[in-house]
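For reference, the structure is listed below as C-alpha cells.
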Amino acid sequence: MGGRGLAAHRLVTGPERMSLVPAPPSLRVDQAAGLPARFVRALWWAWVLFVVYGSLVPLEFQAITLEQALASFASIPMLDIGLEGRADWIANGVLYVPVGFLTAASLAGQGIGRRLLNSVLAIGFGLALAVAVEFSQLYFPPRTVSINDLVAEGLGTAVGALLAWRGTAWLAGLQTVLRGHWREVAAVLVPAGALVVLLVSLFPFDVLVSSAELSDKASGSFWGWWMAPEFAQESLIRQLARLVAETAVLVPLGALWARSVLVGQRSATAQASLLAAWWLGAGFGVIIEVGQWFMASGVSQGLSVLTRGTGWLLGAWLWNRRLVWSIDQWRKTLSRWVWPLAALHLWAVVVLSGLGGGAWRSVEDAVARLSSGELRFVPFYYHYYTSEAVALQSLLTIAFLYAPVGLWCWVSSLSVRHAAWIAAGVALVVEFGKLFPLESRPDPTNVLIAATAAALCVQLLHRFFEPGREVEPVQALPAVSPARTGSAGTVATRASVWLILPVFVGAAAWLFHFPVLQWPVGLALMVGASLVWWRPVWLFGVVAAALPSFDLSALSGREYVDEFDVLLLIVVVIAWVRQPLGGATPAQDRWLGAVLGVFVMSAVVAVVVALRPWELAALQNPDTPLSPWQAVRPLKGLLWALCLFVLARRQHANQLPVVRSFGVGLVVGLAYVSCFVFWERAAFAGLWDFSTPYRAAGPVMAMRLGGVYLDAFLVSALPFALLGALFGKSAVWRVFCSLVALAAAYAVVVTFTRTTHLAAVVVCAFVAIAGHRAFLTRRLGALTSAALLVVLVAMAYPLAISPFASSRLAIVGQDFQIRIDHFRNVVRIGGQSASAWIFGNGLGQYPSRTYWDAVSQAQDGTHKAMHRFLRQEGVSQLQLGPGPDLYLDQFVELHGAGPVELALEARSIGGSGSMAVYLCQKWLLSSENCVVRGFDLKAGEPGWQSFSASIETEALRRSDGWLGRPVRLAIQNSGAARVDIRQISLRTAQGNELLQNGNFASAGDHWSYTSDDHRSWRVLNIFLAVWFDQGVFGLVAFVLLVGTGLVRGFSAASSGDQSSLALTAALVGLVVVSLFDSFTGEPRYVLLLVCLTWMASMRSSHRVAGPVVPAPSMPGKASRGLRV
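Residue 224 in numbering that gives the first Met the number 0 is what sits at position 225 of the sequence shown, and the numbering runs on without skipping anything.
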C-alpha cells in the first residue's frame, strides 16, 4: 500500500458498470507544492477561533483592573491535579495540537532549515496564544488559570509542529477528499479514519496510571466481559442507539478497506473477503475496548467488539454489492420511503431526547422557565459545566441524531440551506418540548449543532455521491455488454445465496428444540422452501396456504416464534435471493408508501408504549398474557407483511402473478380449513345436525379464546374460490374451486356467527355488483347469478331451519347492548390519559389493562384469571391466579390406556385454595364427556402439598379412527387464592407418562390456555381495537390504509379487473366480520389484512427498465407465472 502512493488507482463508473483503472497523475496528492494556501489559512482561522471561544465559554465576564489581572497572572499556581484534572489537562494539550500543526503548515518553505524555523515560529505562536487565552480567562471567573494549562498547551503546540513535517501530504489528501475524489485516496483514508475513530473513542485520554486507579476500574461498573453494568442500566432504546452508532461508524471504514484491497484487481466484479473484514473490524474493536479499559471514563465491553466487527463487515459487503446497488438505486429507493423513514427518524429524535415519558410540568410552569433566566442561550454554555468526555459524547450524539435530516434532504433534492433550516426547526421544537418534562433541560446549542450536522451531511452527499461527480477515465476498460451485465448480476446473486446458509442453520437449531412433530414440521419447511426456490413468486401462495394450516401453537405452546415465523423467514430470504435481476423498476406510489409507513411507525410506537417503563421484572417474564412482550406478536405480523410488500413490488413490476399466487394459496388453505371443519363437525356434532350447540373452530388455534379468526379467513378466501370457479383457465381448477366454495359455504354456516353470515352475504353481493363488467366480458351474467344464488341459498337454508341458529338470531338485540357496554368500558380503560388517546396503550395490551383495571377496582373473583410460567426459588412452576374462566390444557394420547393415575404437587398462596383437573374430549372450544377431579389446598400447610387421584378413561375412548375425538387435560383454579403448581403427572397402569413438560421446566411448551370469558381478551371492534392499541395516531393511519385499499380496489374491480375484484371483496368481508370483533392481536391475521390492503392498493402500471434476468441455477424459470 505504501508503494502505490496516495492514489494509485481510481474508480470509473457509468452505464458500463464500475471498474478500477490507474488514476491520472493530475489527481495524485504526493506533490505538496500544489496545496492552496487559502485552504490551510481557512482551517487555521477556524481552529484558532474555536480555541479562543471554547476557552472563554461560558462568557460570564467580570470587569477587573489591568493591575489586578497582571498581579493574579503573575501568581498563578501549579496545581496538584487528580484523575479528573488529568483529563482536563490532556484535553487542553490535544486542543493545541492543531494550532501548532496548522501554523507550521501555513508557513511557506521546503528546506530543512526553513521547516525548523517554521516549527519554532509555530511553537512561539502557540505559546503566545496560550498566554493570551489564559490571561483573558482571568476576566471570566468560572475559568481556572494555572501553570498546568500553559504546560499542556505548549506541549500540544510542539507536538503539532512536529507533525507538520508530514502535514502537507496529509492536508493534500484531505483537500482531495473534500473535492469529492475520495476513491483516489481510499487506501490512506482507512488508517486515517481508524485513527480518528480511535482518538474519539479514547477522548479525553484520562489514562489510569496508578495501581489504585486500575484496581478501582477493575471493581467498577464501567466494564464487563459481555456487557458493562453501566451500559446495562440504560434504557433499551438508548442501548440500541449506542450499538447502532458503534456499528454505523465503522461501515465507511469497511467500504474504504474493501475499495483499497481491490485496487490491483482488473475485474469489475472483484469482491473483498467478508470473513477478513469481520476479523479486521473485531480486531479494531478489541483495540478500542482495551484502550477504553485504561481510561477512567471509558466503558469497555465485549458486545462492542461484535458491533464493530459487524460494522466493518457491513461496509465491505455493501462495497461488494456496488454493481447491484448503485448510488442512483439507493437514492431512488430511499426517495420512495423518505416520508415513513423521516417520520420514524423524527420519532427516534423525540424518544432519545427524553420526551417519551416521565412526569411533565404544566404549560404555565414550562413557559415560566423561558422568562426565569434558567436557560442560557450562549452556544456551548452547558458543555463547560460537565466533563470533556460527556461534552464530546453530547455533541456527537446530537450531531448523529440530526444528520439523517441531511440524508432526507439529499434524497428529496433539497439544498444545504434547506437542510440546515429544517434541522434547526426540528431541533427548536424538540428543545422547546424539553421545557415540559421535569427531568430535562433545553439546550439552545443543540439547534446550532443540528443545523450544522444536517448541512454538513447533505453537503458531503452532494459532493461525493452526486451523479456526474466521477472523473472521466483516462483509459477505459472494454465496455460491458448486456450479456456480461447479466453475468455480473448472476455472480452477485450466487454470492448472496450463501446468506441462506445461516438462515437454514438457525431454522435447524430452532427445529431441534421444537417440542412437537419435529419431522413433519421439518418436511413442511423443506417443501415450502423448495417451492419458493423453484418459483420465487410462489412465496405468496405458500404464505397464504400456510396461514391457516401451518398452526401448531395449541400443541407446542409457542407464541413468540412459532413454525409460521420460521417458514416466513426461510421463504422470504429465498425469494429475496432468487428474485429476478434487473427488469422493470417498481412504480413509485408515495401515498401507499407513506400511509403504510406511518401505520407501521404507529405500531412501533405502540410497542415502545407497551414495553415502558422498562421494568426488568416484567420484561423477564414473557410466558404470561400480562407480559409487555405480548406487544411483539402483532408487530411481527405487520413486519412480515411489510417484507412481503417490498418483495411484491419488484415481482409485480416484472409482471409476475403476485396476486394470482396469493389467491391460489388462499384457495388451497380454504380447502384445508373446510375439510378440517367437516372432520370437526363429524367427530363432535354430526355433519347435518344443526340443532346441537356446537360452533366449529377449525384448525385455527387462535380460536381457543373465541373470536372471528376462522371467520376472517373464510370470508377473505371465499371470493377467490368463487372467482376461480367462474374464471379459472382450466376445467380442473374451476371444478376444484367450485367444490371448495361449496365446502366453504358450509364452514361459514357452522360457525353460527351472525356477523360472519352477514359478511359472506355482503361478499357475494359485492362480487355480483362490482364484478358485472368482468362477468359481461366473459358472458357469464346468467351463470354467475345462478351460481351466487345457489351459494346464498346454501347458506341461508340451514339458518332458517336450525333451532340453534334461530336462537342465536333471537338474541341479537341483547348481544348488541352487551357490545355497547363493552365499547364504553374499552373507552374508559383505554382513554385514561392524553398520551393513551394519542399513541395508544400498547400493542397486545388489552388483556393486561383489563386485568389490572379489574384488580384496581377490587373485583375479586369477577375478573378473568391469569397465569404465568416462571422459575422461582430454584423451582419451575405454573402460577394460576384465582378465577374460574381460565384453563391450562394439553393434548393427551390415551389410546388404550385404561385407568390412569393423576398426581400433582401444588400450594396455595394468600389463603386456602382449590383447583380442578379435567380430562375431556375437546378440540379447542367446546368440551364433552369430561371427567373432573377437585383438590383443596390448605393455606397453613408448609411447602408443597401432594395430591393424587385415579381417573377412568373408558368414556373418553368412544370412537377410534379418523373420527376419534382428541382428549385434553385441563387445569383450573376454582378457588379464591393463587395456586402454584410444581409438577403434574398422568400415568398409565404400566407407568407410562402421558403428559409432556409436566414439571414446567420448559416453561409453556406443550401447554396452551383457553377461556370462557372471551370479551376480556380482545376489543370487539377492529377500529376500536386499533385505537386502544395505537391511539388516534394509529387509527387515522389504519383508516387511511384500509380506505386506500377499498377505494382503489373498487375502482379497479368496477373496470373488470378480476384480481382487484377478489381482493376488494375479501377486504370488504374482513371489515364487515370485524365490526363486532377483532383479530389485531394475532400476527397471522394482521398479516392477512395488511397484505390484502396493499395488494388491492397496488397500481398495475410500471416503468420498464430492462429485461428480466432469471435468478441463478434455474435459467428461464423465474419469470414464469401460474396457470390456474
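Glycine is no exception: its CB is placed at the ideal position from the N, C-alpha and C atoms.
The structure displayed is predicted, hence computed values, not measured ones.
Quick check: the Cα distance between residue 195 and residue 145, rounded to an integer number of angstroms? 29 Å
Opposite residue 972 in the DSSP bridges: which residues? Beta-bridge pairing links residue 972 to 914.
Please tell me whether residue 866 and residue 885 are closer than 8 Å, where the distance is taken between their beta carbons. yes
Counting C-beta neighbours from all protein chains within 10 Å, is the total for residue 52 16 or more, i.e. buried, or is it exposed? exposed
Where residue 565 and residue 571 are concerned, what is the direct C-alpha to C-alpha distance, given to the nearest angstrom? 10 Å
Considering only the alpha carbon of each residue, which of 427, 204, 200 lies closest to residue 441? Of 427, 204, 200, the residue nearest in Cα terms is 427.
So the beta strand (DSSP E) residue 933 belongs to, where does it begin and stop? 926-936
Out of curiosity, what's the CA-to-CA distance linking residue 558 and residue 636? 12 Å
Going straight from the alpha carbon of residue 90 to that of residue 203, what length do you get? 6 Å
Within 10 Å of its beta-carbon, does residue 537 have 16 or more other beta-carbons around it, so buried, or fewer, so exposed? buried
Cutting at 8 Å between CB atoms, please list the residues of its own chain near residue 467, excluding the five before and the five after it. Unreliable positioning characterises residue 467 in this predicted model, as indicated by a pLDDT of 44, which lies under 50. The coordinate reading is nonetheless provided below. For residue 467, where only same-chain residues beyond five positions count, there are no Cβ hits under 8 Å.
Classify residue 699: buried if its beta carbon has 16 or more other beta carbons within 10 angstroms, exposed otherwise. The residue in question, residue 699, is buried, as its Cβ has 16 or more Cβ neighbours within 10 Å.
Under 8 Å, do residue 1124 and residue 1077 count as touching if we go by C-beta distance? The structure shown does not extend to residue 1124, since the chain is modelled only from 0 to 1123, so the question has no answer here.
Considering residue 561, what are the terminal residues of the alpha helix (DSSP H) in which it resides? Where residue 561 is concerned, there is no enclosing alpha helix (DSSP H), given that its DSSP letter is neither H nor E.
Residue 600 by DSSP, collapsed to three states: which one? helix
Alpha carbon to alpha carbon, how far is residue 606 from residue 396? Cα-Cα distance, rounded: 24 Å.
Going by the CB atoms, is the gap between residue 646 and residue 587 shorter than 8 Å? no
In whole angstroms, give me the CA-to-CA distance for residue 456 and residue 276. Between residue 456 and residue 276, the alpha-carbon positions lie close to 26 Å from each other.
Output needed for residue 1064: all residues of its chain with C-beta closer than 7 Å, excluding positions within five of it in sequence on either side, in chain order. 718, 762, 765, 766
Can you name the residues that DSSP bridges to residue 919? 967
Three or more C-beta pairs closer than 8 Å, one from the region 1042-1057 and one from the region 706-716: is that the case here? In short, these stretches do not touch, since the Cβ pair count stays below three.
Since residue 156 and residue 126 should fall inside the 8 Å C-beta cutoff, what is the C-beta to C-beta distance between them, to a whole number of angstroms? 7 Å
Pick out whichever of 1026, 1043, 813 has its Cα sitting closest to the Cα of residue 592. 1043
How many angstroms separate the CA atom of residue 8 from the CA atom of residue 309? Because residue 8 sits at a pLDDT of 36, beneath the cut-off of 50, its placement in the model cannot be relied upon, and the point is left open.
DSSP three-state label for residue 1009, please. strand
Tell me the DSSP secondary structure of residue 442 in three-state form. coil
With 16 other Cβ atoms within 10 Å as the buried cut-off, status of residue 686: exposed
What residue ranges within the region 189-228 form continuous beta strand (DSSP E) runs of no fewer than 3 residues, ordered along the chain? Within the region 189-228, no complete beta strand (DSSP E) run reaches 3 residues.
For the beta strand (DSSP E) holding residue 512, just list the boundary residues, first then last. First-last for residue 512: undefined, no H or E at that position.
Just how far apart, CA to CA, sit residue 215 and residue 278? 31 Å
Proximal residues to residue 129 (C-beta, below 6 Å), its chain only, five neighbours per side dropped: 149, 152
Between the alpha carbons of residue 119 and residue 335, how many angstroms are there, rounded? 57 Å
May I have the straight-line CA-CA distance separating residue 997 from residue 296, to the nearest angstrom? 50 Å
Beta bridge counterpart(s) of residue 878 as assigned by DSSP: According to DSSP, residue 878 bridges with 867, 979.
Give me the Cα-Cα distance between residue 683 and residue 508, rounded to the nearest whole angstrom. About 38 Å.
Nearest-angstrom Cα distance between residue 1039 and residue 660? 26 Å
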